[in-house]
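Taking the numbering used here, the leading residue of the sequence shown gets -15, the next gets one more, and so forth.
Built from N, CA and C at the ideal position, the CB exists for glycine as well.
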Amino acid sequence: MKFEREEFLRDVGRILAADSATDFEHADSKELYLAVSKAVMAEAYPDLVASRERAGKRCGYFSAEFLMGRAIFNNLLNLGILGEVKEALSSVHRDLNLFEEVEDAALGNGGLGRLAACYLESAASMGIPLDGYGIRYRYGLFRQTFENGYQKEEGDDWLKWGDPWSVRCEKDAKIVRFADMDVLAVPYDMPIFGYKNGVVNTLRLWSSEPVRAFDFDMFDKMKGENQAVANFNATKICDVLYPNDNTMVGKLLRLRQQYFLVSASLQDVVTKYKAAGGDLKKLYEARCFQLNDTHPVLAIPELLRILRAEGLSFEEAFTVASKCFNFTNHTIMAEALERWDALALSDLLPTVYEQILACQNRLQSEGDEGGKYFIVREGTVHMANLAIYVSSKVNGVAEIHTGILKRDTFRDWYARYPEKFVNVTNGITPRRWLLLNNPGLAALIDGKIGTAWHTDLARLSALKPHLSEILPAFKAIKAHNKALLSDYIFKKEGVEVPPDFVFDVQVKRLHEYKRQLLNALSVLAIYFGIKDGSIRDLPPVLFLFGAKAAPGYYLAKAIIKFINEIAALVNGDEEVKDRLRVVFVQNYDVSYAEKIVCAADISEQISMAGMEASGTGNMKFMLNGTVTLGTLDGANVEICEEAGRENNYIFGATVEEVAAVKRGYDPAKIVAENPVLKRAVDTMTDGTFPDEKGMLKKLHASLFEGYEPDRYLVLYDFASYLDTKLSLLRAYGTDEYFLQCLENLSSAGKFSADRAVREYADKIWHL
Ligand code: 26W
């Protein structure tokens, strides 16, 4: 985008005056933020219109979550005016960094939502016509604080700073019909700026509003019912993002959200397609849709319903749908696979349910001796089965994950439709996750190999001949980033972390399978080892945690409490003060991640093998020059393939071993034979920590009692984990260690979301 300082300042000044009756000198940071953002939006408008009107097939990315984070810095970067705006503001004595206070748009839980955000950015940067469709939750993922070590949740009022990057498109509003009420869906469009290429794609987020009294049809239906109550219900649909990651809660309101999203989006697409003279029987020539996990899978019966209402036969409609839809699976966890009660679904969405039944009948009519193939069974609708049956392509998100889908989770479906199954290994956008979050490192790379890597990450391999040369500068940049993070943590959490400690980091959602508990036990073992003198030769180390637990996930919350207790014990012990520190940061989010990822020395990716579909945090650390301490799970496997296993620290049972170990597994025996482990595990029950609510006791019980004790083999993998961790800590600081970091950085090309969206565009969307 062209940029003229005088013109820009004049525009911003006028907006400050018009909207806030203020000026550069007096505006507070919010007023300034709104004015700067709006001035940029006005400037970008022609590119937006041009991109939208481009001819050719487009893909809609349907997702219940888009974890966008903060927009302003990324938008300025991609428009190529980040430095210019910074200078322009400082010429009027204002600092662009004020906008670090702006709220994240946290309309997502974790990996799946952040992946959607990376893909939108990469698609725009690659000139791929991909539009996001989602929900404009009034409150995003809860804000987390700790009180006495316990997680507390508060509403996330992400609109507090206004929403200058969205445009409300009242004209495109649609009515979404439920059995008991109609709801108005109003779209807000966020521009997605490609990196310095003039492309602007759109993220369209739907907001629910009451269909007002002017809708007489609706008014009629409501006879007898209180209009105010109906208004209240309608608005409520988009109130809040469900805070569960990997666990399905069968709440009707969530089903309403899902239908609201897909019905509004498909009406939008179909209306525009028809208005442009398109033939609905050939919709697939102009449009396709990627279903981000099962959350938007109701789009399938909804499209069938719409096409039937437009006069297509069921077979005609089915053919169109099966060419339009593709499905990505993001998890193999049984508790995450969505299933809905058939009665509840048919009560809420009778005409949609009819189409689900029609799919079920079509499937049955094709013959199925073993009874392996079903969409509805025993009063339950299986959303993944519906998705697989109708979609053209089904993909997993890393090689190992797609393998498990084929061999295990969807084995029967794979036998029936082998050609449907493909892998697309996840990726991350190098703009936000290197250029923006680590400007020092980005500049170092630019200086060595030029800037082509910004949009062609595989070129990082050109660094390979220069690794020793850049090592001193790399060390200095890492040290600088650590100092910045240390200041930030002090400001936010009120704890001191010496920047010269090793930063050993585990940040991600809290889940048993991700095994933050394994990390916690190793920290205790190291602490006791330092105390009793059995561990002497370690550099001083900070164990940094960041994670939100789903509010209803008891054991996840217990793990947070446990780690916070460990932090209090360790940080309060004068004797280990110079050797050890433990910090659990509050409210880990995208903006926190940007600061943490560039400052980490060790990336902990320690899920039980077979459980983490891919992981994308692992890629962010790698790209910032960090070694992985991890299992052979998800994309860690491919990270090792790319960067060399010898440059990472791999431990623990493999997928194959996990299966074998689980037969006849005896966790008590493992603990009995390992006194170091026993000492750490015992702290949960021996009074080391206060446990007034009995949380730690239950956490302890989860390892030894119940239907499947120590389900994620924390105890089994402990010994090899601790060994590997100690040898990594001992290697830290040597040139060998820093070269390993740089081997990872220079091998990270594959993990660009640019590569991933290109694969989708080629293999799946055929754009
Ligand atoms: C129905 C409740 C629910 C909510 C969220 C079920 C499942 C989810 C997501 C699929 C969980 C998720 O975010 N999965 C993560 O997706 C990432 C992007 O593909 C992967 O990198 C992670 O490994 C996977 O856990």
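Under the three-state reduction of DSSP, which class applies to residue i: helix, strand or coil?
| i | result |
| --- | --- |
| Pro402 | helix |
| Asp488 | strand |
| Ala197 | The predicted position of Ala197 is uncertain, since its pLDDT is 48 and thus under 50; a value taken from the coordinates is nonetheless stated next. Three-state result, Ala197: coil. |
| Gln242 | helix |
| Asp140 | coil |
| Tyr172 | strand |
| Glu(-12) | coil |
| Glu588 | strand |
| Arg679 | Looking at the sequence shown, residue 679 is not Arg but Met. The answer is helix: DSSP assigns Met679 an H, G or I state. |
| Trp145 | helix |
| Lys158 | strand |
| Leu347 | helix |
| Cys582 | coil |
| Cys624 | helix |
| Asp277 | coil |
| Arg122 | coil |
| Asp752 | Any answer about residue 752 is impossible in this case: the structure gives the chain only from -15 up to 751. |
| Cys43 | strand |
| Asp115 | strand |
| Val569 | strand |
| Thr219 | helix |
| Ser736 | strand |
| Thr129 | strand |
How about residue i and residue j: do their beta carbons lie closer than 8 Å?
| i | j | result |
| --- | --- | --- |
| Ala48 | Gln274 | no |
| Ala382 | Ser598 | yes |
| Gly648 | Thr615 | no |
| Ala758 | Val374 | Outside the shown range of the chain (-15 to 751) lies residue 758, about which nothing can therefore be said. |
| Trp190 | Ile290 | no |
| Ala108 | Asn185 | yes |
| Ile461 | Leu419 | no |
| Ala534 | Asn345 | no |
| Met(-15) | Leu63 | yes |
| Asn571 | Thr129 | yes |
| Asn369 | Ala740 | no |
| Lys604 | Trp417 | yes |
| Tyr177 | Ala101 | Just to set this straight, residue 177 is Phe in the shown sequence, not Tyr. Going by C-beta atoms, Phe177 is not nearer than 8 Å to Ala101. |
| Pro803 | Asp562 | The requested residue 803 is not part of the displayed model; the chain covers only -15 to 751. |
| Thr312 | Asn407 | no |
| Glu626 | Lys734 | yes |
| Ala72 | Phe8 | no |
In chain order, what residues of the same chain lie with their CB nearer than 7 Å to the CB of residue i, ignoring the 5 residues before and after it?
| i | result |
| --- | --- |
| Phe198 | Legend: pLDDT at Phe198 = 47, less than 50; position of this residue unreliable, value from coordinates given subsequently. Excluding sequence neighbours, Phe198 sits near nothing in its chain. |
| Ile550 | Ala504, Val507, Leu508 and Val566 |
| Tyr755 | This structure gives no information on residue 755, because the portion of the chain shown stretches from -15 to 751. |
| Thr638 | Ala593 and Leu616 |
Out of the options, state which residue places its alpha-carbon closest to the alpha-carbon of residue i.
| i | options | result |
| --- | --- | --- |
| Tyr17 | Ile56, Ala28, His750 and Ile514 | Ile56 |
| Leu245 | Gln500, Leu291, Arg161 and Val304 | Arg161 |
| Cys43 | Asp670, Phe(-13), Leu104 and Gly67 | Leu104 |
| Leu751 | Lys220, Ile119 and Arg271 | Arg271 |
| Ala732 | Ile544, Lys448, Leu143 and Gly556 | Lys448 |
| Gly92 | Asp573, Cys308 and Glu338 | Asp573 |
| Thr303 | Phe311, Met317 and Leu287 | Leu287 |
| Val76 | Met25, Ala157, Val(-4) and Thr335 | Val(-4) |
| Asn422 | Leu468, Asp440 and Asp675 | Leu468 |
| Lys41 | Lys475, Arg739 and Cys308 | Cys308 |
| Asn631 | Cys725, Asp79 and Arg98 | Cys725 |
| Asp585 | Asp115, Asp263, Gln135 and Thr718 | Thr718 |
| Asn58 | Asp31, Thr667, Glu71 and Asp88 | Asp88 |
| Leu296 | Asp263, Leu327 and Val281 | Asp263 |
| His464 | Lys475, Phe487 and Val479 | Phe487 |
Using C-beta distances below 6 Å, list every residue in its chain close to residue i, excluding the 5 sequence neighbours before and after it, in chain order.
| i | result |
| --- | --- |
| Arg443 | Ala436 and Trp437 |
| Tyr117 | Gly44, Phe46, Arg188 and Ser249 |
| Asp20 | First, the residue type needs correcting, since residue 20 is Val and not Asp in the sequence shown. Here the set comprises Val(-4). |
> Of all the beta strand (DSSP E) runs that stay within the bounds of the segment 628 to 668, which reach a length of 3 or more residues?
Replying inline: With a minimum length of 3 residues, no continuous beta strand (DSSP E) run stays inside the segment 628 to 668.
>> Please give the ranges of any alpha helix (DSSP H) in the segment 69 to 111, keeping only runs that are unbroken, at least 4 residues long and fully inside the region.
In response: Correct list: 95 to 110.
> Unbroken beta strand (DSSP E) runs of length 3 or more, entirely within the segment 262 to 349: which are they?
Replying inline: With a minimum length of 3 residues, the continuous beta strand (DSSP E) runs that stay inside the segment 262 to 349 are 271 to 276, 309 to 312 and 323 to 325.
> Which parts of the segment 412 to 485 are runs of the alpha helix (DSSP H), unbroken and 4 residues or longer, counting only runs that do not cross its ends?
Replying inline: The segment 412 to 485 is shown to contain whole alpha helix (DSSP H) runs of 4 or more residues at 423 to 433 and 451 to 477, in chain order.
> Can you list, in chain order, the stretches of the beta strand (DSSP E) that have 3 or more residues and sit fully within the segment 485 to 566?
Replying inline: Segments of the beta strand (DSSP E) lying fully in the segment 485 to 566: 486 to 491 and 525 to 530.
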